[in-house]
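Chemist: Before we start, here is the structure in question, set down as structure tokens.
In full-length UniProt numbering, the protein residues as written are 1 to 90.
Put into structure tokens, the structure is as follows:
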């Protein structure tokens, strides 16, 4: 294993919109680059697009695309849902 593979494979905690989640350091790096690109950093945008293109080229061709999405409302959640809101299982 190359040294950078060990680092990029480590799990890190990221916070988005006040919520924490665990992702690999590689995913965190790509998330950071993508956000910078969307924020106007043209070099970051090019880097993110290149990473997306490479990932698409490496994915298996025989995978089926999603054809059905099932929405299951679960009632009121414990966050800031109103009576008219529906929450999704995550």
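Virtual Cβ for every residue (Gly too), placed ideally from N, Cα, C.
Which value, in whole angstroms, describes the spacing of the CA atoms of residue 43 and residue 58?
Modeler: If you take the alpha carbons of residue 43 and residue 58, they lie about 23 Å apart.
Chemist: Is it the case that the Cβ atoms of residue 30 and residue 51 are separated by a distance below 7 Å?
Modeler: Their beta carbons are under 7 Å apart, which means residue 30 touches residue 51 by this criterion.
Chemist: Go to residue 61, then tell me how far its alpha helix (DSSP H) extends in each direction, as first and last residue.
Modeler: Counting along the chain, residue 61 falls outside any alpha helix (DSSP H), and DSSP gives it neither H nor E.
Chemist: Leaving out the 5 sequence neighbours to the left and right, which residues in its chain are closer than 8 Å to residue 7 when beta-carbon positions are compared?
Modeler: Counting only Cβ-Cβ distances below 8 Å, and skipping sequence neighbours, we find 25.
Chemist: Drop a sphere of 10 angstroms on the beta-carbon of residue 33, count the other beta-carbons inside from all chains shown, and report buried for 16 or more, exposed for fewer.
Modeler: Looking at its Cβ environment, which holds 16 or more other Cβ atoms inside 10 Å, residue 33 is buried.
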